[in-house]
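Chemist: There's a structure below that I have some questions on.
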Amino acid sequence: MNRNTFFNLYRHGFVRAALCVPEVRVADPAFNAAATATLARRAAGEGALLALFPELGLSAYSNEDLFHQEALLAETEAALRRVMEETADLNLVLVLGAPLKIDSLLFNCAIVLYRGRILGVAVKTYLPNYREYY
15 MNRNTFFNLY
25 RHGFVRAALC
35 VPEVRVADPA
45 FNAAATATLA
55 RRAAGEGALL
65 ALFPELGLSA
75 YSNEDLFHQE
85 ALLAETEAAL
95 RRVMEETADL
105 NLVLVLGAPL
115 KIDSLLFNCA
125 IVLYRGRILG
135 VAVKTYLPNY
145 REYY
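Counting from 15, one number per residue, gives the positions in the sequence shown under our numbering.
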């Protein structure tokens with residue numbers, strides 16, 4: 015093993031991860047999607063293979079009753095599609111936070127994306143027992 019191979023972090027089973035905190039606007043999924051895609055491109059450009067984004071980052075966390083508005087949920091789904099399209103060419107796994115409505119139930123989800131596809135969705139299960147219920 016030569017020196018360059020030894021110092022390659024991927025050779026030892028490590029992965030470069032990026033913790034991304036984009037500027038977020040409350041109830042503005044289009045803006046949040048653009049900020050997310052920009053940071054994803056930056057992370058990929060700096061050699062990351064995994065990019066983690068904030069909980070409910072596509073919609074913003076503090077929407078409270080707005081989470082039950084169809085307009086916000088539809089815009090969030092459109093924002094998710096936009097991020098999927100804009101990052102499809104990146105060799106980067108993204109984990110994004112967004113509210114999803116499934117069969118009339120609302121869920122706080124972490125969505126795993128890779129090359130324009132959804133690999134999985136994890137629903138938040140341990141909800142706080144103070145004021146916030148999402």
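Think of the CB as a built atom: it goes at the ideal place given N, C-alpha and C, for glycine as much as any other residue.
Enumerate in chain order the residues of its own chain whose CB-to-CB distance from A32 is below 6 Å, with the five nearest sequence positions on each side excluded.
Modeler: Residue 32 sits at position 18 when you count from the first residue of the sequence shown. Taken in chain order, the residues that qualify are A57, A62 and A65.
Chemist: One question on the structure: do R131 and M98 come within less than 9 Å of each other, judged by their Cβ atoms?
Modeler: Position 117 of the sequence shown holds residue 131. Position 84 of the sequence shown holds residue 98. Cβ atoms of R131 and M98: closer than 9 Å.
Chemist: Just checking my contact of F81 with L120 at CB under 8 Å: how many whole Å lie between their CB atoms?
Modeler: Position 67 of the sequence shown holds residue 81. Position 106 of the sequence shown holds residue 120. The Cβ separation is near 6 Å, so the contact holds.
Chemist: So the beta strand (DSSP E) V38 belongs to, where does it begin and stop?
Modeler: Position 24 of the sequence shown, counting from 1, holds the residue named residue 38. V38 -> no beta strand (DSSP E), and no H or E assigned at all.
Chemist: Please classify Y140: does DSSP put it in a helix, a strand, or coil?
Modeler: Taking the sequence shown and counting its residues from 1, the one referred to as residue 140 is at position 126. Of the three classes helix, strand and coil, the one that applies to Y140 here is coil, per DSSP.
Chemist: Is it true that the CB of V137 sits closer than 9 Å to the CB of V109?
Modeler: The count along the sequence shown starts at 1 and reaches residue 109 at position 95. The count along the sequence shown starts at 1 and reaches residue 137 at position 123. Not in contact: V109 and V137 (Cβ atoms no closer than 9 Å).
Chemist: Kindly indicate which three-state DSSP category R25 falls into: helix, strand or coil?
Modeler: Along the sequence shown, one-based indexing puts residue 25 at 11. Correct three-state label for R25: helix.
Chemist: Return helix, strand or coil for A5, following the three-state DSSP convention.
Modeler: As shown, the chain starts at 15 and ends at 148. That puts residue 5 outside it, with no answer to give.
Chemist: Could you round the C-beta distance between V93 and A49 to whole angstroms and report it? I think they count as a contact, below 8 Å.
Modeler: Working through the sequence shown from its first residue, we reach residue 93 at position 79. Working through the sequence shown from its first residue, we reach residue 49 at position 35. In the sequence on display, residue 93 carries Ala and not Val. Contact doesn't hold; Cβ gap of about 10 Å is too wide.
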